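For the sequence shown, our numbering assigns the number 4 to the initial residue and increments by one for each residue that follows.
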Amino acid sequence: MKVLVATSKPFAPVAVKGIKEVLEAAGHEMVLVEKGTKEDMINAIADCAGLIVRSDIVDKEVMDAAKELKVVVRAGAGYDNIDLAEATAHGICVMNTPGQNSNAVAELVFGMLVTLVRNRYNGTSGTELKDKTLGIHAYGQVGRNVARIAKGFGMKVSALDPWVKDEDMLADGITPVHSVEELYQNNQYVSLHIPATPQTKKSVGKALIELMPKNGVLINTARKEVIDEESLAEALAAREDVRYVADVKPDIAAELEEKYPERVFFTPKKMGAQTAEANINAGLAAANQVAMHLKDGWNRFQVNK
């Protein structure tokens with residue numbers, strides 16, 4: 004069977020080589036479309052049983068063209084680029100590769116945070132992270148890695164996640180909290196790791212940010228959709244001490260950078276998973292998951308019903 008690897012933002016060559024080896028060892032043929040458009044994907048997918056993507060859009064138009072498609076794997080944790088309802092309607096299993104990019108994203112949290120609190124290395128005195136409070140909004144794979152690194156800095160860490168037991172957080176040396184208000188009110192730094200769902204979209208804005216202690220910093224390496232951007236702008240206007248740093252540039256980035264050049268920082272494009280290690284890990288995991296699903300229906304990381 005054919006498996007299409009369609010990535011407008013390509014995998015590293017070593018990852019592509021590994022993906023091909025995994026698929027061929029399982030008896031499949033890899034079809035590669037790199038730096039292509041959605042139309043290129045559609046043109047290549049007609050007789051493919053599997054599809055591996057990164058941030059590429061997989062919607063009804065793509066699925067209608069994919070007559071043989073059985074499984075789509077998003078090489079990464081987030082999967083809001085895939086229309087899950089349409090996949091279910093087409094009888095297609097959709098999976099992600101949780102944990103493969105998590106350390107890369109967690110390290111970026113601190114890369115951006117240190118850049119911000121050291122005033123972009125402009126020669127002026129910044130602040131240290133030791134003994135500061137960090138709240139982790141969602142304690143999944145990335146959140147756990149953020150906690151691990153934060154403890155290395157000597158930070159005081161708490162986390163909010165209704166799906167994680169208190170005893171599991173306590174075993175990691177993390178203080179569990181049980182309301183979003185408590186998380187923001189008690190932490191100078193809050194790191195966002197929630198997915199973009201109907202429940203979470205635009206869920207973080209002025210009301211929560213204004214609860215943060217003096218010199219609060221909100222760090223977003225999750226999805227831009229979880230931020231209420233208009234409300235964020237209001238919070239930055241109301242609280243001259245609050246700062247916002249993100250790996251997911253908001254739609255109003257230009258406005259915020261003009262008004263608050265010292266208080267906001269955005270990467271030019273999403274960089275969280277952009278390491279050689281994460282690139283390889285996610286690609287190989289995706290290839291293995293496609294191969295296992297095509298062999299016997301394996302679906303441990305299925306995200307649609």
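Ideal Cβ placement from N, Cα and C applies to all residues, glycine included. Predicted model, so just to flag it, every value in this text is computed and none were measured.
task: Tell me whether the beta-carbon of Thr100 lies closer than 7 Å to the beta-carbon of Ala279.
output: As a working note, residue 100 is residue 97 in the sequence shown. As a working note, residue 279 is residue 276 in the sequence shown. No; because the gap between Cβ atoms is not below 7 Å, this pair is not in contact.
Burial state of Asp250, where buried means 16 or more other Cβ atoms lie within 10 Å: The residue given as residue 250 occupies position 247 in the sequence shown. Label assigned to Asp250: buried.
task: Check the DSSP bridge columns for Val112 and list the partner residues they point to.
output: Translated into the one-based positions of the sequence shown, residue 112 becomes position 109. Its beta-bridge partners do not exist; DSSP assigns none.
message: Taking contact to mean 3 or more Cβ pairs, one atom from each stretch, closer than 8 Å, check whether the segment 115-126 and the segment 69-89 are in contact.
response: no
According to DSSP, residues forming a beta bridge with Met33: Start at 1 with the first residue of the sequence shown, and residue 33 comes out as number 30. In the DSSP output, where bridge partners are listed per residue, Met33 has Val6.
Nearest-angstrom Cα separation, counted from Val34 out to Val8: The count along the sequence shown starts at 1 and reaches residue 8 at position 5. The count along the sequence shown starts at 1 and reaches residue 34 at position 31. One C-alpha to the other measures close to 6 Å.
field: Coarse secondary structure for Pro179, derived from DSSP in three states
entry: What you label residue 179 is simply residue 176 of the sequence shown in a count that begins at 1. DSSP places Pro179 in strand when its eight states are reduced to three.
Within the segment 210-250, ranges of the beta strand (DSSP E) (whole runs, at least 3 residues): 220-223, 246-249
task: Identify, in the order they occur along the chain, each residue of the same chain with its Cβ nearer than 8 Å to the Cβ of Ala210, setting aside the five sequence neighbours on each side.
output: As a working mapping, residue 210 is identified with position 207 in the sequence shown. Excluding residues within five positions, the ones whose Cβ falls inside 8 Å are Ser234.
query: Between the segment 104-124 and the segment 213-232, do at least 3 Cβ pairs fall closer than 8 Å?
result: yes
- prompt: Among the residues of its own chain, which have a CB less than 8 Å from the CB of Leu163, if the five just before and after it don't count?
  reply: Along the sequence shown, one-based indexing puts residue 163 at 160. Once the five neighbours on either side are set aside, the close Cβ partners of Leu163 are Gly138, Ile139, His140, Ala141, Tyr142, Pro179, Val180, His181, Ser182, Val183, Glu185, Leu186.
- prompt: In three-state terms, what does DSSP make of Gln188?
  reply: The residue you call residue 188 lines up with position 185 of the sequence shown. Correct three-state label for Gln188: helix.
Gln103, buried or exposed, once every other Cβ within 10 Å from all chains shown has been counted against 16: Counting from 1 along the sequence shown, the entry for residue 103 is found at position 100. That one is buried.
message: Does Asp231 pass the burial test, meaning 16 or more other C-beta atoms within 10 Å, or should it be called exposed?
response: The residue labelled residue 231 in the question sits at position 228 within the sequence shown. Asp231 should be labelled buried.
- prompt: On the premise that Ala109 lies in contact with Val145, defined as a C-beta separation below 8 Å, what is that separation, rounded to the nearest angstrom?
  reply: The sequence position of residue 145 within the sequence shown is 142, counting from 1. The sequence position of residue 109 within the sequence shown is 106, counting from 1. Contact holds; Cβ gap of about 6 Å.
- request: Could you check what DSSP says for Leu163 in three-state terms: helix, strand or coil?
  value: Stepping through the sequence shown from its first residue, residue 163 is reached at position 160. It is a strand residue.
- prompt: Using a Cβ-Cβ cut-off of 7 Å (strictly less than) and excluding sequence neighbours within five positions of Glu71, which residues of its own chain qualify?
  reply: Position 68 of the sequence shown, counted from the start, is the residue given in the question as residue 71. If we look at Glu71 and ignore the five residues flanking it on each side, its Cβ neighbours are Asp50, Cys51, Ala52.
- prompt: What residue range is occupied by the uninterrupted beta strand (DSSP E) comprising Ile55?
  reply: Taking the sequence shown and counting its residues from 1, one reaches residue 55 at position 52. 51-56 is the span of the beta strand (DSSP E), which, as asked, contains Ile55.
- request: Could you spell out the range, first to last residue, of the alpha helix (DSSP H) harbouring Ile45?
  value: Taking the first residue of the sequence shown as 1, we reach residue 45 at position 42. Taken as a continuous stretch (DSSP letters only), the alpha helix (DSSP H) holding Ile45 covers 41-47.
field: Alpha carbon of Val65 to alpha carbon of Lys133, nearest angstrom
entry: By 1-based counting over the sequence shown, the position of residue 65 is 62. By 1-based counting over the sequence shown, the position of residue 133 is 130. Those two C-alpha atoms are separated by around 49 Å.
query: Looking only at DSSP bridge pairs, what is Phe269 linked to?
result: The residue labelled residue 269 in the question sits at position 266 within the sequence shown. Phe269 is bridged to Ala249.
- request: Would you check if the distance between the CB atom of Val6 and the CB atom of Val293 is smaller than 7 Å?
  value: Indexing the sequence shown from 1 puts residue 6 at position 3. Indexing the sequence shown from 1 puts residue 293 at position 290. Yes; because the gap between Cβ atoms is below 7 Å, this pair is in contact.
- request: Give the straight-line distance between the Cα atoms of Met44 and Lys308, rounded to the nearest whole angstrom.
  value: Indexing the sequence shown from 1 puts residue 44 at position 41. Indexing the sequence shown from 1 puts residue 308 at position 305. C-alpha separation (whole angstroms): 24 Å.
message: Within a Cβ cutoff of 7 Å, which residues of the same chain sit near Tyr82, ignoring the five residues on either side of it in sequence?
response: Position 79 of the sequence shown, counted from the first residue, corresponds to residue 82. So the list reads Val97, Asn99, Val306, once near-sequence residues are dropped.
- prompt: Does the Cβ-Cβ distance between Ser206 and Val112 come in under 7 Å?
  reply: Here residue 206 refers to the residue found at position 203 of the sequence shown. Here residue 112 refers to the residue found at position 109 of the sequence shown. Against a cut-off of 7 Å, the Cβ pair of Val112 and Ser206 comes out as no contact.
Exposure of Ala153, with buried meaning 16 or more beta-carbon neighbours within 10 Å: Counted from its first residue, the sequence shown places residue 153 at position 150. Ala153 comes out buried.
message: Residues in the same chain with beta-carbon distance under 7 Å from Gly129, minus the five sequence neighbours each way, listed in chain order, please.
response: Taking the sequence shown and counting its residues from 1, the one referred to as residue 129 is at position 126. Only Val120, Arg121, Asn122 meet the Cβ criterion.
query: Do Ala257 and Arg226 have their CB atoms nearer than 7 Å?
result: The sequence position of residue 257 within the sequence shown is 254, counting from 1. The sequence position of residue 226 within the sequence shown is 223, counting from 1. Contact flag unset, no.
task: Measure the alpha-carbon distance for Ala78 versus Asn189 and round it to whole angstroms.
output: The residue given as residue 78 occupies position 75 in the sequence shown. The residue given as residue 189 occupies position 186 in the sequence shown. Distance between the alpha carbons of Ala78 and Asn189: 35 Å.
- prompt: Taking the alpha carbon of Thr40 as the point to measure from, which residue in Ala28, Ser58, Val19, Lys23 has its own alpha carbon closest?
  reply: The residue labelled residue 40 in the question sits at position 37 within the sequence shown. Looking at the Cα atoms, Ser58 is the closest of the given residues.
field: Nearest-angstrom Cβ-Cβ length linking Leu287 and Ile22, presumed shorter than 8 Å
entry: Counting from one through the sequence shown, the residue named residue 287 turns up at place 284. Counting from one through the sequence shown, the residue named residue 22 turns up at place 19. That belief holds up - the Cβ atoms of Leu287 and Ile22 are roughly 7 Å apart, short of 8 Å.
message: Please report the straight-line C-alpha distance between Lys262 and Tyr192, rounded to a whole angstrom.
response: Here residue 262 is taken as the residue at index 259 of the sequence shown, counted from 1. Here residue 192 is taken as the residue at index 189 of the sequence shown, counted from 1. If I take the Cα positions, the gap works out to 22 Å.
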